[in-house]
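Residue numbers for the sequence shown follow the numbering used here, so the first one is 20 and each next one is one higher. Here a beta-carbon is modelled for each residue, glycine too, at the ideal position from N, C-alpha and C. Predicted, not measured: the structure shown is a model, and the values here were computed from it. Heads up: the structure comes next, in structure tokens.
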Amino acid sequence: MFRLVRVSLLLVVVLSVALVASMGLTILTYVRLTAEEPIAKMYFEPLEDNLFEAHLAAGEGADVGIFEIYGDQWRIDAEFIKLKPWANVMGMDARYKLVRFEGRYRDINDENTKPKMAYDLGQGDALDLMNYLAEWNFLVDAEYGSSTFTDIRQDTLYTVYRTQSGIIVRSEPMPDPIGYEPTMLDDIRSWVSGN
20 MFRLVRVSLL
30 LVVVLSVALV
40 ASMGLTILTY
50 VRLTAEEPIA
60 KMYFEPLEDN
70 LFEAHLAAGE
80 GADVGIFEIY
90 GDQWRIDAEF
100 IKLKPWANVM
110 GMDARYKLVR
120 FEGRYRDIND
130 ENTKPKMAYD
140 LGQGDALDLM
150 NYLAEWNFLV
160 DAEYGSSTFT
170 DIRQDTLYTV
180 YRTQSGIIVR
190 SEPMPDPIGY
200 EPTMLDDIRS
210 WVSGN
């Protein structure tokens, strides 16, 4: 009888450890497969109608530059290497190289008739992507171009993220400058707008 209790207790402990380990691996898998890394930040200042000055910083806060772009939207393109999911779970991340930044128009007629400008960025964490991974080709799931675009809004900070399958963008209101003290009028506006 005592032996049966010891075996049952040992079985409960082993199953509990296995359950905790399984839950931990499930959480790790989720975290690795949904991992995102900020790779660029930008904001826009209007110069004229449909002409903006784009301030772009990429990588480790390095200033890539200031660009004049035409349009009511912007787009950034990247060469992308997607790794196999098991490589992501083991801690490896997708590779990218930012290659182009440009303005664009929402209306197709404007896109075909109005001026536009594109810029070569030629930077990222992989200099020559396929040569870099040539000997590790069994890790590569796909190589392709990834692009993201959105409307240009003033007083908005855009952050471009590298996911395990491409690039995405999120926006947030521009932060107040350091030392900024809101006035009573700012407080009233904030209260009325619900922010």
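Residue i lies in the beta strand (DSSP E); which residues open and close that run?
i: Y124; result: Counting along the chain, Y124 falls outside any beta strand (DSSP E), and DSSP gives it neither H nor E.
i: P192; result: 186-192
i: A59; result: 56-67
i: T175; result: 175-181
i: F217; result: Shown here, the chain extends from 20 to 214; a query on residue 217 therefore has no answer.
State yes or no: is the C-beta of residue i within less than 7 Å of the C-beta of residue j?
i: V179; j: A54; result: no
i: G122; j: Y89; result: yes
i: D91; j: R125; result: yes
i: A77; j: L117; result: yes
i: A97; j: I187; result: no
i: A137; j: R119; result: yes
i: E191; j: L176; result: yes
i: I100; j: E162; result: yes
i: M75; j: V83; result: In the sequence under discussion, the amino acid at residue 75 is Leu, which differs from the Met named in the question. It is a contact, given that the beta carbons lie within the stated cut-off.
i: I85; j: E64; result: no
i: R261; j: S166; result: No answer is possible for residue 261: it lies beyond the span of the chain, which begins at 20 and ends at 214.
Could you tell me the boundaries of the alpha helix (DSSP H) in which residue i lies?
i: R25; result: 21-52
i: P134; result: No alpha helix (DSSP H) contains P134, which DSSP labels as neither H nor E.
i: N107; result: 104-108
Using DSSP bridges, identify the partner residues of residue i.
i: F99; result: Y115, Y163
i: T169; result: W93
i: G84; result: L75
Could you round the C-beta distance between residue i and residue j to whole angstroms and report it? I think they count as a contact, below 8 Å.
i: P104; j: L52; result: 6 Å
Touching by the beta-carbon criterion (3+ pairs, under 8 Å), the region 43-59 and the region 166-173: no
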